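Colleague:
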Amino acid sequence: MWITIVGVATAFAAIILLIRISKNFGIAILCGAIIAALFSLETLSPDKIGLAILNAIISWKTIGLAIIVTLVSIIAYSMKETGLTDKLVNNIRGAFPNGGVLAILPAIFGLMPIPGGARISAPMIEEEGKKLGVSNDKMNYLNLWFRHPWPLVFPLTPSIVLAATLSNIELNSLLLIQVPIFIVFILIGYLMLRIFVKKKTHKRGYFNLKETLLALSPILLSLVIFFTFNSGLKVETYLSMCIALLFATLLIFFISRDYKNIPGMLRKGLSLNLALSIFGIMIFRNIIVVSKSLESFSPLLQNSSFHPFLILTIVPLVLGAIIGNNLLAIGLNFILVSSILASNLYVPVVSVLYVSSFIGYLISPLHLCTIVSSEYFKTGLIELYKYLIPSALFVVFINTLIMYVILL
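All you need for my numbering is the position in the sequence shown, starting with 1, plus 104.
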């Protein structure tokens, strides 16, 4: 058991180090997956490891995710090349001066149910950030932070729906009790924004609603098509996303009418490194699941002398970081801590588990938004983490404190 856990820790350390050295997320995560596989030889035979790797590679979830992040990358590049990004940034800047663009745009795109969607807002953040003298590592932080407050209170977030379902509590009760931590999350981002932005821009200026909607139309169309196919026609989620993003890409080309440059935009927008990252992530995750290393923690938790609230905070945080998938982390966390929860599934208790798991996912080196955003801004994880981890841990601490006081 312990050698597998050491393997996971070693793999994470290798990923962070390789990203710092090479800035190549795809290679780094694949190397991490190989390290995790080698350490799993104690509990898994080579053929089982090979099968786990093969299943990860040929899985539709892996292939679908790779297609999605590729299309997202093409959309982001094409919007920038066709001038849609400039139109959107200029209008948002007119409505929200003094760095407001750096918060509003990631928040808008954060409502999009697209893996790696932080890649779309990254070029927009970069354009405004450079004008305001904000460094790449700080832009990366703002892009990630302001994209991710919604899972705390947005009712269409799959992970929060799953948490309410597994705990048999009312979804509205969980959403309501997390409004304070949602506000804290926003305030932390606002404080960091004010620290980062030294230059002052003009007062409110030009804003054209029609132009703004035109610039947002590819994204709005993708949302309409996604929900039509996924919710209305019951088409599989990743396939619905691929169809929606494909139509969004076609709309960008139609709006620009610059058909002769389409092959160039497709070629330059294509990022094989991101697709490679997806395969590395899924291989890594499959090896962890097949080796069942995480399940070994359950009896340790049952016999632990630590305060239940401490376990409810730390275990989901660590697992969220290891897994790098919010939905999967929530499911596994409920399995692992069910022994200490027993029948005490009060709303504050569930909130502690959920927020800790979500924050672990947010800071995970396997988090797709972290990968695509850091890859765009060419910043290593250490540069990002010096801002992200203190902010994230403060959110966990405040939420745990609030929920503990509520239960007193």
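Backbone N, C-alpha and C define an ideal beta-carbon position, used for all residues, glycine too. None of the values given here were measured: they were computed from a predicted structure.
Quick check on Ile273: does DSSP put it in helix, strand or coil?
Modeller: Working through the sequence shown from its first residue, we reach residue 273 at position 169. In the structure shown, Ile273 sits in coil (DSSP, three-state: anything other than H, G, I, E or B).
Colleague: What residue from Leu295, Met296 and Met386 has the CA that sits closest to Gly136's CA?
Modeller: Against the sequence shown, residue 136 aligns to sequence position 32. That would be Met386, whose Cα lies nearest to the Cα of Gly136.
Colleague: Could you compute how far the alpha carbon of Pro255 sits from the alpha carbon of Ala156?
Modeller: By one-based count along the sequence shown, residue 255 stands at place 151. By one-based count along the sequence shown, residue 156 stands at place 52. When rounded, the distance between both Cα atoms is 30 Å.
Colleague: Distance check for Ala113 and Ser144, CA to CA, integer angstroms please.
Modeller: Here residue 144 refers to the residue found at position 40 when the sequence shown is read from its first residue. Here residue 113 refers to the residue found at position 9 when the sequence shown is read from its first residue. Straight-line Cα distance between these residues: approximately 12 Å.
Colleague: Would you mind reading off the limits of the alpha helix (DSSP H) that contains Arg361?
Modeller: Numbered from 1 along the sequence shown, position 257 holds the residue referred to as residue 361. Careful: Arg361 lies outside any alpha helix (DSSP H) and carries neither H nor E.
Colleague: Note down the Cα distance separating Asn503 from Asp241, rounded to an integer number of angstroms.
Modeller: Here residue 503 refers to the residue found at position 399 of the sequence shown. Here residue 241 refers to the residue found at position 137 of the sequence shown. C-alpha separation (whole angstroms): 26 Å.
Colleague: Assign Val93 to buried or exposed, taking buried as 16 or more other Cβ atoms, counted over all protein chains shown, within 10 Å of its Cβ.
Modeller: Look at the range of the chain in this structure, 105 to 512, and you will see that residue 93 is not part of it.
Colleague: So the alpha helix (DSSP H) Asn195 belongs to, where does it begin and stop?
Modeller: Within the sequence shown, numbered from 1, the residue matching residue 195 stands at position 91. Asn195 -> alpha helix (DSSP H) spans Leu188 to Ala199.
Colleague: Cutting at 7 Å between CB atoms, please list the residues of its own chain near Gly464, excluding the five before and the five after it.
Modeller: In the sequence shown, the residue the question calls residue 464 occupies position 360. Pro420, Leu421, Val422, Leu423, Gly424, Ala425 and Ala433, listed in sequence order.
Colleague: If distances are taken between C-alpha atoms only, which option among Leu378, Met296, Ile212 and Lys482 comes closest to Phe258?
Modeller: Residue numbering aside, residue 258 sits at position 154 when the sequence shown is read from its first letter. Among Leu378, Met296, Ile212 and Lys482, the Cα nearest to that of Phe258 belongs to Ile212.
Colleague: Within 10 angstroms of its Cβ, does Leu206 collect 16 or more other Cβ (buried), or is it exposed?
Modeller: Translated into positions along the sequence shown, residue 206 becomes position 102. Per the 10 Å Cβ criterion, buried.
Colleague: Just to confirm before moving on: does the CB-CB distance between Phe388 and Leu470 stay below 8 Å?
Modeller: For the purposes of this step, residue 388 is taken as residue 284 along the sequence shown, with counting starting at 1. For the purposes of this step, residue 470 is taken as residue 366 along the sequence shown, with counting starting at 1. Against a cut-off of 8 Å, the Cβ pair of Leu470 and Phe388 comes out as a contact.
Colleague: Assuming Leu350 and Leu175 make a contact with CB atoms under 8 Å, what is their CB distance in whole Å?
Modeller: Against the sequence shown, residue 350 aligns to sequence position 246. Against the sequence shown, residue 175 aligns to sequence position 71. Indeed they touch by this definition, with Cβ atoms about 7 Å apart.
Colleague: Starting from Asn159, trace the alpha helix (DSSP H) in both directions and tell me its first and last residue.
Modeller: Here residue 159 is taken as the residue at index 55 of the sequence shown, counted from 1. Pro150 to Ile162 is the span of the alpha helix (DSSP H), which, as asked, contains Asn159.
Colleague: Smallest Cα separation from Ala496: which of Lys314, Gly373, Trp249 and Ile486?
Modeller: Taking the first residue of the sequence shown as position 1, residue 496 is located at position 392. Selected option, being the one with the closest Cα: Trp249.
Colleague: In this structure, how does DSSP classify Glu340 when only helix, strand and coil are distinguished?
Modeller: Sequence index remark: in the sequence shown, residue 340 carries index 236 (1-based). Coil.
Colleague: What's the call for Glu340, buried or exposed, on a 16-neighbour Cβ count within 10 Å?
Modeller: Translated into positions along the sequence shown, residue 340 becomes position 236. Flag for Glu340 reads exposed.
Colleague: Rounded to the nearest angstrom, what separates Ile329 and Leu313 at their Cα positions?
Modeller: As a working note, residue 329 is residue 225 in the sequence shown. As a working note, residue 313 is residue 209 in the sequence shown. Each residue's Cα considered, the two are about 22 Å apart.
Colleague: Measure the CB-CB distance between Tyr342 and Trp164 and report whether it falls below 8 Å.
Modeller: The residue you call residue 342 lines up with position 238 of the sequence shown. The residue you call residue 164 lines up with position 60 of the sequence shown. Yes; because the gap between Cβ atoms is below 8 Å, this pair is in contact.
Colleague: Pick from Lys364, Asn195 and Leu121: whose alpha carbon is nearest that of Glu600?
Modeller: No statement about residue 600 is possible, as the shown extent of the chain runs from 105 to 512 and does not include it.
Colleague: If contacts are defined as beta-carbon pairs under 8 Å, then Leu325 and Leu374 qualify, I think. What distance do you get, rounded to the angstrom?
Modeller: Along the sequence shown, one-based indexing puts residue 325 at 221. Along the sequence shown, one-based indexing puts residue 374 at 270. Going by Cβ atoms, the distance from Leu325 to Leu374 rounds to 21 Å, so no, they are not a contact pair.
Colleague: Where does the unbroken alpha helix (DSSP H) through Lys235 begin, and where does it stop?
Modeller: Counting from 1 along the sequence shown, the entry for residue 235 is found at position 131. Taken as a continuous stretch (DSSP letters only), the alpha helix (DSSP H) holding Lys235 covers Ala222 to Lys235.
Colleague: Put Gly204 into one of helix, strand or coil per three-state DSSP.
Modeller: Working through the sequence shown from its first residue, we reach residue 204 at position 100. Correct three-state label for Gly204: coil.
Colleague: Determine the direct distance from the alpha carbon of Glu230 to that of Gly237, and round the result to whole angstroms.
Modeller: Translated into the one-based positions of the sequence shown, residue 237 becomes position 133. Translated into the one-based positions of the sequence shown, residue 230 becomes position 126. One C-alpha to the other measures close to 10 Å.
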